[in-house]
Amino acid sequence: MAQQAEKKEQEEAPAPVADVQENSSSSSSSPASKPAAPKKSKGKKSALPTWITSNLKNKRSLQLWFRSWLVSWAAFVLMLPTRSLTNLGQAAFFTCIVTLMLPPLMTPFLWIFAMATLIIGALLGWALGCAAMASALRARNFLVTGMAVQKAQQSAASATNPEAAFRSTIFVGDYLDTKSSVVFGAYLLFFTYILGFITARAQKLKLFSIFATIVLDVHITYGPLFPTPNYTLATIFMLPIAYSLAIAAFCIFFVFPRTLNADWTDEMAGVLRQTSDLLAIHRAYLHKAVTGRDIDDDSNDADAQKADDAAQGGTHSFPDLSAEFEPKFRAVTSGIIQGIESLSGSAPFLELEPSRGLFSGKDLRKVLNHVKSGGTRIFGINAFHHLIENEEPEDDQPPQPSPADNKAVDAQAEEDDEAENEVTHATFHIHASLRLMHWKKHRRGAEAAQHVRFREDLLPILHRGAMPALTAAQSALDSLSDWLTASNQGRWTLTAKQRQAARQTQVDKLQNFRDRTDAFEVALDHFINNERTALLQPYAGHFLTQDGSGNERYLSKDTYKAFRHSARPVFLCLLFCANLSNFGHTYIEHSRSIIALSERRVFGLSETQQKDLTAEHGGKLEYAKLSHAGPKIWMPTGLRKLGKIILSRRSGAAGVGPGSSTAFPSEIEDDGRDEEVTAVRRREQPDTESDAARTHNANYHLHAAHTDAQHQAELEELAETDDEEDDTDRDTLASSTMDARSVRLDSCEPRKDGDALNGTNGAAAADVEKATAAPSKHNKGKRRHKRVYAPDPDALPPSNALQRFSRLVSNAYDTACSTDGIFALRYALVSFAVWIPAVIPSSAGFYYQNRGLWALIMAQTGLTTTTGEAVFQIVGRLSGTAVGALLGMVAWYISAGSGYGNAIALAAVMAVVFVPLTFFRAFVPLPLLIPTMLTSVTLVLVVGYSWIDTHLPGLTANSGWGKDVAWRRLLLVLIGVAAAIIIMLFPRPISTREQTRKGLASVTRDIHRLYCLLIEAWIISDVPSPSDTGLSEEESLKRVQERIEAKLVLFRTRFQMAQAKLAGLGGKIKLAGIDLQLRGRFDVKSYEALLRTQARQLEALAQLAGSLHYMRPEWRHQFAMNTAVLNPDIVSDISLQLSLIATALDKAEPLPHAGVGVLLERVLLAGVFSGRIREALDAQAKGDEAPKDFFAQALSFETLEKPDYMNVVLGAMALTSLARRTDELSNIVATLCGEIQIRGFDRLRDDQGRRQLKAFGIEGI
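Shown next, in the form of structure tokens:
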């Protein structure tokens, strides 16, 4: 039986060869440009930006726009009547400013959450200000103060208004006291440092820290002027804040209210529409590559297929197609990544609010898990276009080189190397060996000799077969998006007719979703099982029927080399087929789960009832026979997670509401620094190991401490995943994933036998499961915890309380010296520097009269972490302030003319002004947010101060109106910005360029970790586990698959984090281009190429993971045996190269020339060597004198036709693509950081390589 299984395994599972793997050797993509619309519009294209036209056409956007306008206008009108103006005071305009800073765009619960942080921050600032005032009062010299007060009262007694006269002496600094001012300054320094650190570190607490700082500034600035304590100073801002929150609360709850559940559902539908757009771009690319014409979205597939072979002469080259479509691919892909990250960031809030609808917060999080899994797979389809983007036309490809040509190439390479020795500056290039160049030319010549052309012969076949499947996939995605949109209807209906119409629409959309999914499944199966085989027919002549092989056709001795060297075009097509197949089956699998969940919610069924009815209806529910259950009220279920959500570093676009900025969702900071591996606690399970097992553990791995920390860090990461996905049903994840609890149970297994890859014995696993599944309180109390520290080359782990305290102090010092700590220090220093004139007797009156407090606030809010951000903010703040001041003057003089203004006229003018102002504030892209906000704030400040100074009696400071307020406001902004710039530049600015470089180094480390995680999974699939001995074959395969899935769950989580981080670095590269540096210009092109290359590396890793997931066990074994995926030397080389690249980027150090070498060549040669070794071993086992080529023996045409072979091709091309991209990454880093050169090393390596090939008898390859 074992021999028969081995024979069947060899017949079914082919051995991919190295020549085929070179398919991925292509250069990087073209530079990205502005996002383009995925679908071609028939009408005239609007000259307005997309973000304007799309929001003007969107009903929900119009509702939010109206609500924002109403809140801002009502807040402004509130300060026009004398009574309310007197109550609000001299900062009455701040009511309107708050509504513009925080427009009412959020859902009620998110708004409550955001406003709670704002209010708590303002109250904290008030409390700190009162504490500072109380402490300063104790330090004040009462004798001197009393004498000054008495003298002022006597002087004011003879004035017309004694009270006003005495008040004026307060604000000119007559009662300033040095000791009291020192206490205020100490409070300012300390607490602005703390608040600055919170601003830099906790994105979700930014509102908290900003408003705490503003209110604290009021007390610290005006407090020293008063001879007696005045604890109500904060009401200057607290009253306007309260009024603005009251107005916003009323409008949010009563003007077009909507829950987060509803908004989140629409946002998910939008992400699915973007995914559909990505498929539409793939269709357009494939159609234009074949026909040379743009695809007509209204034409059916039959018409498109009829035009396949038309206009072949008018087709565009692949580089031209890449230049046209790559920006679209990048724009839509980036939108999908950001959309999924936004949904993930706001998903924890779903269970914190009550809602009424079909789906609960838990349900929507289940749907998100399905969407994320499908979103990860769809990006693999992009690889096809990236591999052919620089494909040369077949007519221009050179013929197969002759030996004379090879010698000429050798001579030319030697001349180039000698010329390199003569140059006076370093030149860098990929050190491609002569063997690799010969290999490429030989492959191209072989392709031309077979007369099977990729574009003219195979691409039309692929187009005819794939277009119906792509169309069906796009239709299925659109139907899911439509269903989610329809599920939002009918939440609150007034009439029975409306209720019935909404419910019928939902049933129809759900039926359409199910039908479209079924149609996609049929089209996909037809494409994979029928149309795909047409791609193989041009190569059928290489396979011949042999004696004893039945009807199967194998490669002969004369044809197998020709096929190996010329099969690249068909393998490119199979790559597309594999990625489309993997995406399609993943989407269909998850869609089935969404349909089942939707049926239960729409018709009010339990799982048991659903199964019974499905059986009664013949396998599918008949919706016409069921009654709609209607929407349901869902109560909050996740309030216990509120604290963890607040303290979480992860935030999406809905972190505190739609439109907020996105932080990097990873363990890596924004500045690119890797956080130290945190010390984790390990639960020690009961000792179940034998002495032999302990001995095995001691000898198995010499890096136990480091492995321990890394393993426990993975467990903690999975525990966080479990916290996010707890209380979910088992049907939330399809069979391709596991829940985090199962992963943790599986991950605990290696702890028992030291095998970090293959698990443990059954008894230990049972003990772990028992201890994890139902731990009693008594057991919890008796658990011992041991802290495991990450390795530190400069210090041993602490062993006592004093050493642990010392390490805590050391960590605190490192935090203070970090980028966030330096920002907090500068935040405190700039606050203190701008505050000083307020407590100097000679300048205190001038400071108060000209509202120097606004310069202090502008200096604090204008401070940034890096200089590149500072330049961007300076331009944005100054331009926004200038535009706002100009518009403010225009609005004031239109309503007031040369007089003091009229309330009705001013309200009418501002009603018109707020229309565009609120639209831009609500929907403007993030890069334009700062100038837009400063324009709005400055406009309101100019008009507000002009009204207050002319209508509020008893003012102690009057700036005038109109132009007088405008130029003073502009000057205050300039002062604040200048202070922020000075404090940032000295003593040493934090460079955006350096942080960008470190961020890219961090992504390289992430890629390295992902690669290591995948290799662990491949080892699990191929290397038998000692714990599996004695198990049946079925049980053993099941355990192996579970361990593989455990690794893939962790891979998916980290992969999405790396994608989001990489997407965020694109903006940092642009900021680095405007960084304030004296050393020279920033190489933006190289860094953008670096970013693209890393994106392609992630793409290759995703495909390698997909091939592992979808490949059957017998195919996995043959794939690992005949490729370099588990070759220890290749694994070491790739890991070492990624580590060297990350270190070079992080430390700005040169790469070694005599390093790993050309990874692509090594991967190709390793594949060939693996095949030759296998052939020699087979020959020895059979007693043959000459080994027979295993590839020719194992690969039959029938095997080639099997769908499993697609994933073999996918894995082979993913591996070589990863090697190729790593070579490109090394080349770019060598250009940026330099290289430690060894002259003549390339020739030495080529000579050695020739001898090796000659020794293996494969010199002619």
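Everything in the sequence shown is counted per the UniProt record's numbering, starting at 1 for the first residue and increasing by one.
Beta carbons are placed, not taken as given, at the ideal position from N, Cα and C, and that holds for glycine.
Give me, in chain order, the residues of the same chain whose beta-carbon lies closer than 6 Å to that of phenylalanine 76; leave out the 5 immediate sequence neighbours on both sides. Cys96 and Met910
Using beta-carbon positions only, say whether phenylalanine 563 and leucine 555 come within less than 8 Å of one another. yes
Which runs of the alpha helix (DSSP H) spanning at least 4 residues fall entirely within the stretch 195–226, listed in chain order? DSSP runs (the alpha helix (DSSP H)) wholly in the stretch 195–226: 206–222.
Do the stretch 943–960 and the stretch 824–831 make contact, defined as three or more Cβ pairs closer than 8 Å? no
Among Arg60, Pro1152, Ser360 and Phe211, which residue has its Cα nearest to the Cα of isoleucine 857? Checked all of Arg60, Pro1152, Ser360 and Phe211; the closest Cα to isoleucine 857 is Phe211.
For leucine 70, collect the residues of the same chain with a Cβ closer than 7 Å to its Cβ; drop the 5 residues on either side in sequence, then sort them by chain order. Excluding positions up to five away in sequence, the list reads Cys251 and Val255.
Beta carbon of threonine 996, beta carbon of alanine 1072: below 8 Å? yes
Considering only the beta carbon of each residue, do leucine 1218 and alanine 1142 sit closer than 8 Å? no
Rounded to the nearest angstrom, what separates alanine 347 and glycine 361 at their Cα positions? 8 Å
According to DSSP, is lysine 632 part of a helix, a strand, or is it coil? Shown here, lysine 632 sits in a strand according to DSSP, grouped into three states.
According to DSSP, isoleucine 1236 sits in a beta bridge with which residue or residues? Pro1152
Once you ignore the five residues that flank leucine 917 on each side, which residues in its own chain have a CB closer than 8 Å to its CB? Ser72, Leu100, Thr935, Ser936 and Leu939
With 16 other CB atoms within 10 Å as the buried threshold, where does alanine 653 fall? Annotation note: pLDDT 37 at alanine 653 (below 50); position unreliable, coordinate value reported separately. Classification of alanine 653: buried, given that the 10 Å Cβ count is 16 or more.
Out of Leu863, Arg1079 and Glu1016, state which residue places its alpha-carbon closest to the alpha-carbon of alanine 980. Leu863
What is the DSSP secondary structure of tyrosine 231, reduced to helix, strand or coil? Secondary structure at tyrosine 231: coil, using DSSP grouped into helix, strand and coil.
Within 8 Å, do at least three Cβ pairs link the stretch 583–590 to the stretch 373–380? yes
Delimiting residues of the alpha helix (DSSP H) encompassing serine 168: From DSSP, the alpha helix (DSSP H) with serine 168 extends over 162–170.
Need the endpoints of the alpha helix (DSSP H) that phenylalanine 1119 sits in, please. 1113–1122
Determine the extent of the beta strand (DSSP E) in which serine 355 is found, giving its start and end residues. Note, serine 355: beta strand (DSSP E), 355–357.
Rounded Cβ spacing between proline 925 and tryptophan 51 (contact assumed at less than 8 Å): 6 Å
Alpha carbon to alpha carbon, how far is residue 1262 from glutamine 154? Since the first residue shown for the chain is 1 and the last is 1261, residue 1262 is missing from the structure and cannot be characterised.
Can you have a look at proline 104 and say buried or exposed, based on whether 16 or more other CB atoms are within 10 angstroms of its CB? buried
DSSP three-state call for serine 84: helix, strand or coil? helix
C-beta atoms of residue 1269 and threonine 117 nearer than 8 Å: Outside the displayed span of the chain (1 to 1261) sits residue 1269, for which this structure offers no information.
Buried or exposed for serine 276, please, with buried defined as at least 16 other CB atoms from any protein chain shown within 10 angstroms of its CB. Serine 276 counts as buried, since no fewer than 16 other beta carbons sit within 10 angstroms of its beta carbon.
Would a C-beta distance cut-off of 8 Å place arginine 140 and aspartate 177 closer than the cut-off? For arginine 140 and aspartate 177, yes; Cβs fall inside 8 Å.
Could you check where the alpha helix (DSSP H) with leucine 544 kicks off and where it finishes? It is not in any alpha helix (DSSP H) - leucine 544 instead sits in the beta strand (DSSP E) that spans 543–545.
Rounding to the nearest angstrom, what Cα-Cα distance links leucine 1145 and valine 332 in this structure? 29 Å
Sequence-distant residues of its chain with Cβ nearer than 7 Å to glutamine 1248 (five each side left out): If we look at glutamine 1248 and ignore the five residues flanking it on each side, it has no Cβ neighbours.
Given a cut-off of 8 Å on the beta-carbon distance, is the pair alanine 132 and glycine 196 in contact? No, they are not a contact pair.
Going by other Cβ atoms of all chains shown within 10 Å of its Cβ, with 16 needed for buried, is cysteine 817 buried or exposed? exposed
Which word fits methionine 1111, buried or exposed, when buried means at least 16 other C-beta atoms lie within 10 angstroms of its C-beta? buried
Just to confirm before moving on: does the CB-CB distance between asparagine 261 and glycine 345 stay below 8 Å? no
Going along the chain, which unbroken runs of the alpha helix (DSSP H) with 4 or more residues stay wholly within the stretch 977–1059? 992–1022
Out of Asn55, Pro1113 and Arg1009, point me to the one whose CA is closest to glutamate 1034's CA. Pro1113
Secondary structure at arginine 293, three-state DSSP: helix, strand or coil? coil
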